[in-house]
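A.B. asks:
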Amino acid sequence: MPAANKRQYMTLVMIKPTHYDDDGYPITWYKSIVPSNSLAALNGLAADCSRRKVLGDNVELVLEPFDECNSRIQPRKIIASIRARGGKALICMVGVQTNQFPRAVDLAKPFLEAGLPVALGGFHVAGCLSMLEQLPPEISSAMDMGISMFAGEAEEGRLDEVLLDAWNGSLRPLYSYMDDLPALNGEPIPKLPAEILALTHAGFSSFDLGRGCPFQCSFCTIINVQGRKSRFRTPEDLERIVRENARQGIRDFFITDDNLARNRHWEAFFNKLIELRLMEGLSVSLIIQVDTLCHKIPNFIEKARWAGVRRAFIGLENINPDNLLEAKKRQNKITDYREMLQKWSNYGVYTWAGYITGFPADTKESILRDVEIIKRELPVDILEFFFLTPLPGSEDHRDLVRAGQWMDPDLNKYDLHHRLTHHGRMSDAEWEEAYQAAWKSYYSDEHIETIARRHGASAERNPGKVVEFLTEFRIMYEVEGIHPLEGGIFRLKYRTDRRPDRQMEWPGLFHLKLAGQIIWKAWHYARYTLKALRIARKVKSDPRRFDYMDTAISVACDTEHDALEIFTETSGGAGAVEKKRAADRRREMFSPAVKRALSADG
0 MPAANKRQYM TLVMIKPTHY DDDGYPITWY KSIVPSNSLA ALNGLAADCS RRKVLGDNVE
60 LVLEPFDECN SRIQPRKIIA SIRARGGKAL ICMVGVQTNQ FPRAVDLAKP FLEAGLPVAL
120 GGFHVAGCLS MLEQLPPEIS SAMDMGISMF AGEAEEGRLD EVLLDAWNGS LRPLYSYMDD
180 LPALNGEPIP KLPAEILALT HAGFSSFDLG RGCPFQCSFC TIINVQGRKS RFRTPEDLER
240 IVRENARQGI RDFFITDDNL ARNRHWEAFF NKLIELRLME GLSVSLIIQV DTLCHKIPNF
300 IEKARWAGVR RAFIGLENIN PDNLLEAKKR QNKITDYREM LQKWSNYGVY TWAGYITGFP
360 ADTKESILRD VEIIKRELPV DILEFFFLTP LPGSEDHRDL VRAGQWMDPD LNKYDLHHRL
420 THHGRMSDAE WEEAYQAAWK SYYSDEHIET IARRHGASAE RNPGKVVEFL TEFRIMYEVE
480 GIHPLEGGIF RLKYRTDRRP DRQMEWPGLF HLKLAGQIIW KAWHYARYTL KALRIARKVK
540 SDPRRFDYMD TAISVACDTE HDALEIFTET SGGAGAVEKK RAADRRREMF SPAVKRALSA
600 DG
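Position 221 (the sequence shown) corresponds to 220 in numbering that gives the first Met the number 0; numbering is contiguous.
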């Protein structure tokens, strides 16, 4: 056989890096909670490149995806595998967020030392290129090491170009597609092999149906990385995603669109899923992300439930209108919160909301007061707390850079779980204390029981399930010491994987400490689990469980605007109520069709 026709190999190693905990060890689990859509998207594109033979008919493209959140990355073993197979390789650090950038660079070093090319892409690189006048030092330093940077999205043949350059030994220092965001319709779909998805809790996958967002929130990176002009997949793309995953036994999905309610094809998507369920019995279970105005879109929540939505993440962000305006979150109206949350609840969907601490009007006292108001007056199930964080790629970060304001230089902390700046009205200690107290207050025994009783008041809801969700979040924060979004099942630690700027511990000491941590955690896991079982049993066995009523689940009405603390205690509450009443008066002047359009638009 002529040498030119001999089969050759190109190994594409795709690594979604994790980040380090406060003790310098990578956060890796036996099973992680949240799947990586960036990894799924790139793997789907790479599989299409392999099918199309972009490197030539005699070149086999070998795909090796890894998610470090659930798999220990050992560069030495990966390098040995590449050497044993022969041929060339490209190592891609995929979907790298700011807090993962230091870990990604540390992982890249042994590959570079072995003479293997490395490319790195994700929100940190794209965000910095889109918003900063010059490259930050960490990106310049990584490029000086030989890491190629990729900014933008890899559809429409961009991955082909990178693979061909790597194959020919001519990988460029920078690939920037920030000025030319691709269409998504008809593009290869996000997909990971079943054996990779088995490493996530419940074995669920993810995909996106659209990218970009029309809103202008100053803390957001999506609008500057994925653009303000939304791009969409088609219902046919969605059907392919569901069918291909169903063939490997995957029917649970997280739809990663930042706001599915603003996807112009939402109804066609839901109709397609309803059709697959009714006509073929091909049902799915979905987690989606939406805004606080989605309940005003006719049939959105109803069809979401019929399509298989079980949990909805809502960017509540804050209940102080002054803070929302300061962050340019003008679309959030606190006067809609109760009605919106109650409607999701009425359709049996668990609500999951984010709450940001550290807006300009916040004080320690106001944060804790607002958390208590939420607990009493809003029927939200799971509430996640965050520090207001100037993420690279956001308007907030750009403005602080321009003003020369202090931000913590350790990128590993940019996970929304660490304080990174100073606050105008709180000391550093007060802000941190307020954040910690907010978690403990919301996830107290008493409030977990309150939420369980709200669910228990309906014969169609299972109070034990919501207690399970709340306890998982409580354990991640209080026992594991991390944000629940980074959680998983059974934490894995390896002595030699510690962050390079931390001293490696002696083997005996490390393993003794690790054993002690496992025992301590097991005790607290058991303690919180028993508490959860007692709460669930207490609510289920209460003969008057269906009579339960509190302010949060009482039917929303106009008179509550003068009585509830969410409207009377926050500095902008009264103004928000007056704006709503003025808007209602104006709507009365229009025809029914115009009223419906105005209502849907918020």
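No residue lacks a Cβ here, since even glycine has one placed at the ideal position from N, Cα and C.
1. Run through the DSSP bridge pairs and tell me what I221 is partnered with.
2. Helix, strand or coil for A88 per DSSP?
3. My understanding is that A326 touches S217, with C-beta atoms under 8 Å, so please give their C-beta distance in whole angstroms.
4. Give the DSSP-derived three-state secondary structure of M142 in the structure shown.
5. What does the Cβ neighbour count give for W278, buried or exposed, with the cut at 16 atoms within 10 Å?
6. Could you give the residue range of the alpha helix (DSSP H) that holds V370?
7. Can you tell me where the beta strand (DSSP E) holding K30 begins and where it ends?
8. Three or more beta-carbon pairs under 8 Å between the segment 482–496 and the segment 5–13, yes or no?
9. Which of helix, strand or coil does DSSP assign to M0?
10. Output needed for K171: all residues of its chain with C-beta closer than 7 Å, excluding positions within five of it in sequence on either side, in chain order.
11. Just reading off the alpha helix (DSSP H) that A531 is part of, what are its end residues?
12. Do the segment 30–46 and the segment 200–211 touch if we need at least three Cβ pairs shorter than 8 Å?
13. With distance defined between alpha-carbon atoms, name the residue in E266, H264, I518, D290 nearest to D257.
14. With a threshold of 16 other CB atoms inside 10 Å of the CB of E459, please say whether the residue is buried or exposed.
15. How would you label D21, buried or exposed, when you count the other beta carbons within 10 angstroms and need 16 or more for buried?
16. Is W602 buried or exposed, if buried means 16 or more other CB atoms sit within 10 Å of its CB?
17. Between the segment 399–408 and the segment 366–380, do at least 3 Cβ pairs fall closer than 8 Å?
18. Taking the alpha-carbon positions, what's the L191 to G43 distance?
19. So, are the CB atoms of Q7 and G86 less than 8 Å apart?
20. Note down, in chain order, each residue of its chain lying with its Cβ closer than 7 Å to the Cβ of S344, except the 5 sequence neighbours on either side.
21. From the DSSP output, read off the bridge partner residues of K15.
22. How is the beta strand (DSSP E) around I254 delimited, first residue to last?
23. Using DSSP with H/G/I as helix, E/B as strand and the rest coil, what is T420?
24. What did DSSP end up calling A326 once you bin it into helix, strand or coil?
25. Does the count of Cβ pairs from the segment 427–442 and the segment 352–364 closer than 8 Å reach three?
26. Closest to R605 by C-alpha separation, out of N69, E471, R232, would be which residue?
27. In whole angstroms, what is the alpha-carbon distance linking Q96 and Y346?
28. Out of W265, E266, R310, which has the shortest C-alpha to C-alpha gap to L285?
29. Is it buried or exposed, V670, if we count other Cβ atoms within 10 angstroms and call 16 or more buried?
30. To the nearest angstrom, report how far apart S229 and R51 are at their CA atoms.
31. Between which two residues does the beta strand (DSSP E) carrying Y354 extend?
32. I'd like to confirm the pairing. Which residues does DSSP put opposite S440 in its beta bridges?
33. With a threshold of 16 other CB atoms inside 10 Å of the CB of S129, please say whether the residue is buried or exposed.
34. Among all the DSSP beta bridges, which residues are the ones paired with Q288?
35. Quick one: what's L60 bridged to in DSSP?
36. Near G487, which residues of its chain fall below 6 Å by C-beta distance, leaving aside the five closest residues on each side in sequence?
C.D. replies: Let's see:
1. None; I221 has no bridge partner.
2. strand
3. 5 Å
4. helix
5. Note that residue 278 is Met in the sequence shown here, rather than Trp. By the neighbour-count rule (16 or more Cβ atoms within 10 Å), M278 is not buried but exposed.
6. 363–376
7. 27–31
8. no
9. Because M0 carries a pLDDT of 39, less than 50, the predicted location of this residue cannot be relied on, and no value is offered for it.
10. According to the sequence as given, residue 171 is Arg; it is not Lys. Cβ neighbours of R171 beyond the five flanking positions: S147, D164.
11. 506–540
12. yes
13. D290
14. exposed
15. exposed
16. The displayed coordinates of the chain run from 0 to 601. Any statement about residue 602 would go beyond what the structure contains.
17. no
18. 7 Å
19. yes
20. T350, P378
21. D66
22. 251–254
23. coil
24. coil
25. yes
26. What is shown of the chain runs 0 to 601, which leaves residue 605 out entirely.
27. 35 Å
28. R310
29. Any answer about residue 670 is impossible in this case: the structure gives the chain only from 0 up to 601.
30. 28 Å
31. 349–356
32. For S440, which the question treats as bridged, DSSP gives no partner whatsoever.
33. buried
34. F312
35. M9
36. W28, K30, S31, I32
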